[in-house]
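S.K.:
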Amino acid sequence: MIDPEKLKTHAALFDKMGKAVGLDLEEEAINGNLQFDEIAEAVLRCTRCACPKTCSRYLGGLMTEEVERTPDYCRNADLLSYLKEERAMAAE
3 MIDPEKLKTH AALFDKMGKA VGLDLEEEAI NGNLQFDEIA EAVLRCTRCA CPKTCSRYLG
63 GLMTEEVERT PDYCRNADLL SYLKEERAMA AE
């Protein structure tokens, strides 16, 4: 079983990484673009990352700056990239 504090930490990292690439994951969920199962899987993927401290420092260093894409080590890079592409296509 995964420690609840670890889940909270990684849920926050996932949310912050979403914000870093210009996504509001709560809004994505409300709009039906991100299902609860996908969020749960994304957080679990994040818990298996070998770089949470690096990620936290990376995100902390961004302040309010938005980035084009996630770092290469991000286990949720594909999901976040997909959501960004979907949002861009919906805006067209």
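Okay, so the sequence shown: first residue is 3 according to this note's numbering, each after it adds one. Ideal Cβ positions, reconstructed from N, Cα and C, are used throughout, including at glycine.
Can you give me the Cβ contacts of Pro54 inside the same chain, cut-off strictly under 8 Å, excluding the 5 residues immediately before and after it?
M.R.: Here the set comprises Thr11, His12, Leu15, Cys48.
S.K.: With a cut-off of 8 Å on the beta carbons, I'd call Leu82 and Val23 a contact; round off their distance for me.
M.R.: 5 Å
S.K.: Could you check where the alpha helix (DSSP H) with Ala13 kicks off and where it finishes?
M.R.: Note, Ala13: alpha helix (DSSP H), 6 to 22.
S.K.: Compare the C-alpha of Lys21 against each of Met91, Glu7, Ala42, Asn78 and name the closest.
M.R.: Taking only the C-alpha atoms, the option nearest Lys21 is Asn78.
S.K.: Could you give the DSSP three-state label for Met91: helix, strand or coil?
M.R.: helix
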